[in-house]
Ligand code: HPA
Ligand code: ZN
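Numbering (my numbering), first residue to last: 9 to 355.
This is the structure in structure tokens:
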């Protein structure tokens, strides 16, 4: 169905609401223009003749068809400066969308398997997050994410390589995530490494119920003991699970435009975000991989508002949920929630 023309007043009102983004892969913010710039800088060959050819290739049929291009695109990221530039470009966009806090996932294995040192990745992302804190007034955290198509042993090796850096990035690296090809790679595969990460005091999240079944959401909760579920849209297939999510106030970091582009839903008007929200689930709106899915956080809010007829109260609830579900200290949450109430009443 064609998108309704955007109501500029709605977009501006949404922009002014303080919001957090909780489901964002930094490698998924690599715009084709920067991909070409970095390919030139690092002499990495690209299988595309132009920026337009890259965009034309972004026609996905499912998660795997996207992941194949996403991992190939990440090959242009080589130096600390590259990771810094990538993150700074995203953080500027985030600020422009009215995000006040972002929790960024990154996939070290995508880089270490190409011979890039994990310290290079941390250093570039961290310097951007600290610069953004000081110059853009936006706070950030890092969620180190394991690739679930690889072994648990590889995840342990990645954790072991990262732990010596923990102290240097203690202000930023607060959590652990799990992403990549979901089907056939259940949460249980990572039970031991998640138990270790819990002992180490990390906050835990995992992708579940994007393409995989509701049973993976239950496993992520019960076996991995995550605090949030990334995606989780398939939870509604299991009414008892959905009741558990509602009662325990487990946040779902939903990514509407991602779900549309990867064929999780055929049309945004069929997305269950509004049904989940109206049933009492703690839903949030996020961009996932905005350079690949055609929209950043604010685009996702606007598109969802229009396709699902979300009321202004519901949009404020979604923004409030994003702040509540973040890993910010309680005092910061209260301050932003107070500012949200003021912004919501304007316009
Ligand atoms: N799902 C799984 N893995 C991912 C995604 C996603 O949406 N984006 C980047 N890695
Ligand atoms: Zn994701």
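Virtual Cβ for every residue (Gly too), placed ideally from N, Cα, C.
From a predicted model like this one, the values you see are computed outputs, not experimental measurements.
*Take residue 9 and list the residues in its own chain whose beta-carbon comes closer than 7 Å to its own, dropping the five residues that flank it on each side.*
Annotation note: pLDDT 45 at residue 9 (below 50); position unreliable, no value reported.
*At 3 residues or longer, and completely inside the segment 65-114: list those beta strand (DSSP E) runs for me, N to C.*
Taking only runs of at least 3 residues, the beta strand (DSSP E) segments lying wholly in the segment 65-114 are 107-114.
*Whole-number beta carbon distance between residue 108 and residue 169, since they are thought to touch under 8 Å*: That pair is no contact at about 32 Å.
*Check the C-beta distance from residue 128 over to residue 87 and give it rounded, since I have them as a contact under 8 Å.*
Right, the Cβ-Cβ distance comes to about 7 Å (below 8 Å), so this counts as a contact.
*State buried or exposed for residue 236, treating a residue as buried only when at least 16 other CB atoms are found within 10 Å of its CB.*
It counts as buried.
_For residue 184 and residue 293, the rounded distance between their alpha carbons_ = Going from the Cα of residue 293 to the Cα of residue 184 covers about 20 Å.
_Whole angstroms are fine: how far does the CA of residue 299 sit from the CA of residue 74?_
Going from the Cα of residue 74 to the Cα of residue 299 covers about 12 Å.
*Within this structure, are the beta carbons of residue 62 and residue 44 separated by less than 9 Å?*
Cβ distance < 9 Å, so residue 62 and residue 44 count as in contact.
_Within a Cβ cutoff of 6 Å, which residues of the same chain sit near residue 156, ignoring the five residues on either side of it in sequence?_
Once the five neighbours on either side are set aside, the close Cβ partners of residue 156 are 186, 188 and 193.
*asked:* Rounding to the nearest angstrom, what Cα-Cα distance links residue 18 and residue 202 in this structure?
replied: For residue 18 and residue 202, the distance between alpha carbons rounds to 41 Å.
*Taking one C-beta from the segment 47-65 and one from the segment 164-183 each time, how about it: are there three or more such pairs within less than 8 Å?*
No: fewer than three Cβ pairs fall under 8 Å.
*Is any heavy atom in the ligand ZN found nearer than 8 Å to the beta carbon of residue 29?*
Not under cutoff, so the answer is no.
*Rounded straight-line distance, which links the Cα of residue 223 to that of residue 191*: Distance from the CA of residue 191 to the CA of residue 223, rounded to the nearest whole angstrom, comes to 11 Å.
*asked:* Out of 234, 40 and 239, which one is the CA nearest neighbour of residue 221?
replied: Of all alpha-carbon atoms in 234, 40 and 239, the one lying nearest the alpha-carbon of residue 221 is that of 239.
*Where DSSP assigns a beta bridge to residue 219, which residues make up the other side?*
According to DSSP, residue 219 shares a beta bridge with no other residue.
*Quick one, which of 57, 41 and 83 has its alpha-carbon nearest residue 97's?*
Taking only the C-alpha atoms, the option nearest residue 97 is 41.
*What is the C-beta distance between residue 180 and residue 150, in whole angstroms, given that I count them as a contact (C-beta under 8 Å)?*
Their Cβ separation, rounded to whole angstroms, is 5 Å, which keeps residue 180 and residue 150 in contact under 8 Å.
*Taking the alpha-carbon positions, what's the residue 326 to residue 307 distance?*
Whole-angstrom Cα-Cα distance: 14 Å.
*Do the CB positions of residue 154 and residue 198 come within less than 9 Å of each other?*
Result yes, Cβ atoms of residue 154 and residue 198 sit closer than 9 Å.
*Residue range of the unbroken beta strand (DSSP E) whose run includes residue 301*: Segment 298-301 is the alpha helix (DSSP H) holding residue 301; no beta strand (DSSP E) there.
*Expected contact under 8 Å - CB spacing of residue 214 and residue 228 to nearest Å*: Contact between residue 214 and residue 228 holds: their C-beta atoms lie close to 4 Å from each other, under 8 Å.
*Would you mind reading off the limits of the alpha helix (DSSP H) that contains residue 57?*
No alpha helix (DSSP H) holds residue 57; DSSP gives it neither H nor E.
*Classify residue 297 as buried or exposed, calling it buried when 16 or more other Cβ atoms lie within 10 Å of its own Cβ.*
With a threshold of 16 other beta carbon atoms within 10 Å, residue 297 meets it and is buried.
_Using only CA atoms, which one of 115, 133, 142 and 136 lies nearest to residue 158?_
It is 115 whose Cα lies nearest to the Cα of residue 158.
*asked:* Once DSSP output is grouped into helix, strand and coil, what is the label at residue 239?
replied: Residue 239: strand per DSSP, three-state reduction.
*In whole angstroms, what separates the C-alpha of residue 260 from that of residue 241?*
Rounded to the nearest whole angstrom, the C-alpha separation of residue 260 and residue 241 is 8 Å.
*asked:* Three Cβ pairs or more, each shorter than 8 Å: is that satisfied between the segment 328-336 and the segment 345-352?
replied: The segment 328-336 vs the segment 345-352: in contact.
*For residue 81, which residues from the same chain have a beta carbon less than 6 Å from its beta carbon, with the 5 sequence-adjacent residues on both sides left out?*
Closer than 6 Å at Cβ, skipping near neighbours: 38 and 43.
*Quick one: give me the first and last residue of the beta strand (DSSP E) that residue 133 is part of.*
Here residue 133 belongs to no beta strand (DSSP E); instead the alpha helix (DSSP H) covers 126-143.
*Does the Cβ of residue 189 lie closer than 8 Å to at least one heavy atom of the ligand HPA?*
Here the distance from the Cβ of residue 189 to the nearest heavy atom of the ligand HPA is below 8 Å.
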